[in-house]
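Novice: Heads up: the sequence shown begins at 11 in this note's numbering, then just goes up one per residue.
The beta carbon of each residue, even a glycine, is placed where N, CA and C say it ideally should be.
Note that the structure is predicted; figures quoted are calculated from it, not measured.
Below you'll find the structure I mean.
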Amino acid sequence: MSESHVKNVVEAALLAAGRPLQLPELAGLFEGPEPPEQAEVRAALELLSAEYAGRGIEIKETAAGFRVQVRRELAGEISRLWPERPPRFSRALLETLALIAYRQPITRGEIESVRGVAVNPNIIKTLLERNWVRVAGHRDVPGRPELLGTTREFLDYFGLKSLDELPPLAELKAMGELNVQLALGQVDVPAADSADSAAEAAGSAEADAPELSAREDDESESDAPPAGLVAGPLGLSD
């Protein structure tokens with residue numbers, strides 16, 4: 011089977027699927043006595059990526075697989091194809107999501123300790139409904155509070171292959187999108203490896219965070235989209 015045919019089938023599949031495709035799915039599209047190996051399919055993806063360089067679309071590998079997407083720098087113009095207002099998220103929601111992503115597994119109480127405010131239940135509800143956050147277990151303390159962690163859908167929405175691709179906290183702070191009270195000099199890893207390390211990290215951040223009033227987050231919408239938002243397959247991510 012020719013390299014050109016493999017590349018064309020892979021390209022057509024990514025355009026037609028409208029969702030990320032894993033290597034086994036792409037390799038399974040071929041029939042015949044000598045179907046291409048997954049290594050050959052990956053090579054075809056690399057060739058397509060090189061051909062797309064400098065164009066308006068690109069191939070992106072996320073936790074859910076490979077997809078064709080609009081380049082981030084063009085998202086503003088392309089979004090005008092959809093006159094409805096895109097979803098906006100409050101700063102409180104984004105700060106809560108960032109804490110879960112960088113400190114997971116983490117409890118709601120630990121989030122409140124770090125941020126210095128009570129978390130609006132609607133924030134956690136929204137994150138769970140969008141399937142960006144899941145209950146990963148329970149802390150072995152009185153009350154057994156839920157431990158929150160991110161999902162594969164979270165990685166896919168933000169165009170990440172794994173938590174290792176999360177930007178360093180100092181870089182996230184410099185973007186000006188979020189004002190998360192984190193100990194930037196102490197934590198540059200994307201996620202805690204265990205419940206104990208998460209609790210330790212949350213405690214260190216709490217010590218460094220400034221005192222804030224004990225108000226509860228509201229759910230007012232932000233005028234800025236989440237940092238790192240990228241275009242989805244054949245359009246913009248939802």
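Using the Cα positions of ALA211 and ILE121, report the straight-line distance between them to the nearest angstrom.
Specialist: Confidence is the limiting factor: at ALA211 the pLDDT is only 38, short of 50, which leaves the residue's position unreliable, though a coordinate-based value still follows. Rounded to the nearest angstrom, the two C-alpha atoms are 11 Å apart.
Novice: Just to confirm the assignment, what range does the beta strand (DSSP E) spanning ARG162 have?
Specialist: First-last for ARG162: 162-167, but that is the alpha helix (DSSP H), not the beta strand (DSSP E).
Novice: Name, in chain order, the residues that DSSP records as bridge partners for ILE110.
Specialist: According to DSSP, ILE110 bridges with nothing at all.
Novice: In the structure shown, what three-state DSSP assignment does ARG144 receive?
Specialist: strand
Novice: In chain order, what residues of the same chain lie with their CB nearer than 8 Å to the CB of ALA73, ignoring the 5 residues before and after it?
Specialist: ARG162, LEU165, ASP166, LEU170, LYS171, SER172
Novice: Hey, would you say LEU39 sits closer than 8 Å to GLY75, going by beta carbons?
Specialist: no
Novice: Tell me the rounded alpha-carbon separation between GLY42 and GLU175.
Specialist: GLY42 and GLU175: Cα-Cα distance of roughly 38 Å.
Novice: Rounded C-beta distance between GLU68 and ARG81? I'm assuming under 8 Å.
Specialist: 5 Å
Novice: Just to check my reading of the structure: THR160 and VAL143 have Cβ atoms closer than 8 Å, yes? What is that Cβ distance to the nearest angstrom?
Specialist: 6 Å
Novice: Applying the criterion that 16 or more other CB atoms from any shown protein chain within 10 Å of the CB defines a buried residue, is LYS135 buried or exposed?
Specialist: exposed
Novice: So within the region 73-132, which uninterrupted alpha helix (DSSP H) runs reach at least 4 residues, ignoring any that extend past its ends?
Specialist: Runs found: 85-88, 101-113, 118-125.
Novice: Ordered along the chain, which non-local residues of its own chain (more than five positions away) have a Cβ less than 8 Å from that of THR117?
Specialist: ARG149, PRO155, GLU156, LEU157, LEU158
Novice: Among residues of its own chain, excluding the 5 on either side of LEU24, which ones have a beta-carbon nearer than 6 Å to its beta-carbon?
Specialist: Closer than 6 Å at the Cβ level, and outside the excluded window around LEU24, lie VAL78.
Novice: Given a cut-off of 8 Å, decide if GLU44 and MET11 are closer than it, judged by their beta-carbon atoms.
Specialist: yes
Novice: Between the alpha carbons of LEU192 and ARG95, how many angstroms are there, rounded?
Specialist: Below a pLDDT of 50, predicted positions are generally treated as unreliable, and LEU192, at 46, falls in that range; no measurement from the model is reported.
Novice: Grouping DSSP H, G and I as helix and E and B as strand, with all else coil, what is LYS70?
Specialist: strand
Novice: Where ALA26 and LEU91 are concerned, what is the direct C-alpha to C-alpha distance, given to the nearest angstrom?
Specialist: 19 Å
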